[in-house]
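Heads up, the sequence shown is in my numbering, so the first residue is 830 and it goes up one at a time.
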Amino acid sequence: MELYVDTANIEHIRHCAELGFVSGVTTNPSLLAQEDPNVDIKQRILEIHKLIGGHLSVEVISTDTKGMLKEADEILSWFPDATIKIPMIPAGLAAVKELNNNDIPTNVTLVFTPTQAMAAANAGATYVSVFMGRLDDISTPSNEVLNTVCDIWETQGYDALIIAASIRHSQHLIDAALAGADIATVPYKVLMQSLGHPLTETGLKQFLADYDRMQTERMKAIGV
Ligand code: G3P
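Given below as structure tokens:
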């Protein structure tokens, strides 16, 4: 399962790019606004694109097909390998179909049910983003929904890649990987938390202390 970072924060994206374990970025209007409500969106998206060099999903804000397609054209004029993020509404499906006919990758977002996921795939979505955290927030077990979507994909042979989105903690990552999601898009904080363990820290401290002790003993032995 590939990992993307779900953010519009430049420093966080830069750090992930340096570490090399993240292969893409997903953004949405809320994430952009969270960083800076006055942000020049085009500038910010181009900065992110330069940093990550891999997948970058950019969301449209229109709710009609024509408007979405116009926005897609605009985004593609900024950088041609953009993935256009489209909301899971009927007008969005028509936009996905049109973009797919023109070989433009799409990421259908705000998917909460298997039937929405199938509709997105049938319209020609390249990626289908199933939201986990927001389902758990309303007491709908997200792992069950994602498992069902992945089972349907297996049975039906859908090509669209499944993105586990709205990830809140490491267990979501594990559930997504076990279900068979192709990608998880994860907030920076959760990504960083998923890398650590107290035993890793104490273990490393001990290794370094033992190495230092060894060096000191050796210096003593050779009389330095
Ligand atoms: O980017 C889409 C999704 O991952 C947003 O997640 O945390 O706002 O529910 P969240």
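Built from N, CA and C at the ideal position, the CB exists for glycine as well.
Check whether the Cβ atoms of residue i and residue j lie closer than 8 Å to each other.
i, j, result
"Ala994", "Phe960", "yes"
"Ala949", "Ala989", "yes"
"Lys926", "Ser886", "no"
"Ile1003", "Val957", "no"
"Asn929", "Gly953", "yes"
"Pro943", "Thr977", "yes"
"Leu875", "Phe850", "no"
"Asp835", "Leu861", "no"
"Val1015", "Leu832", "yes"
"Gly962", "His1001", "yes"
Determine the extent of the beta strand (DSSP E) in which residue i is found, giving its start and end residues.
i, result
"Pro970", "Looking at the DSSP string, Pro970 is not in any beta strand (DSSP E), and its letter there is neither H nor E."
"Val940", "935-940"
"Pro916", "912-916"
"Val887", "884-888"
"Ala993", "990-994"
By Cβ distance, which residues of its chain are closer than 8 Å to residue i, with the 5 residues on each side in sequence left out?
i, result
"Leu964", "Phe941, Pro970, Ser971, Val974, Ser995"
"Thr912", "His884, Leu885, Ser886, Val887, Pro934, Thr935, Asn936, Thr955, Tyr956"
"Ile904", "Ile874, Val887, Val889, Ala911, Ile913"
"Ile783", "Outside the modelled stretch of the chain, which goes from 830 to 1053, sits residue 783, for which no answer is possible."
Need the endpoints of the alpha helix (DSSP H) that residue i sits in, please.
i, result
"Tyr956", "Not the alpha helix (DSSP H): Tyr956 falls in the beta strand (DSSP E), residues 956-960."
"Thr1054", "Limits of the chain in this structure are 830 at one end and 1053 at the other, which puts residue 1054 out of reach."
"Ser1023", "1017-1024"
"Ala901", "894-907"
"Ala923", "919-930"
"Leu1005", "First, the residue type needs correcting, since residue 1005 is Ala and not Leu in the sequence shown. Residues 999-1008."
"Met947", "943-952"
Might you give, ordered along the chain, the residues of its own chain that have their beta carbon closer than 6 Å to the beta carbon of residue i, omitting 5 neighbours on each side?
i, result
"Lys893", "Per the sequence shown, residue 893 should be read as Asp rather than Lys. Excluding positions up to five away in sequence, the list reads Ala920."
"Glu900", "Val889, Ser891"
"Ala1006", "Met830"
"Arg997", "Gly962"
Which same chain residues end up closer than 7 Å to residue i when comparing Cβ atoms and leaving out the 5 residues on each side of it in sequence?
i, result
"Ile881", "Ile842, Ala846, Gly853, Val854"
"Glu864", "Ala837, Asn838"
"Ile918", "Thr892"
Fill in: Every unbroken alpha helix (DSSP H) within the region 835-880, with a cutoff of 4 residues, ordered by chain
Taking only runs of at least 4 residues, the alpha helix (DSSP H) segments lying wholly in the region 835-880 are 839-848, 858-864.
Worksheet item: If you pair each beta-carbon of the region 836-851 with each one of the region 1013-1021, do three or more pairs fall below 8 Å?
Response: Yes, the region 836-851 touches the region 1013-1021.
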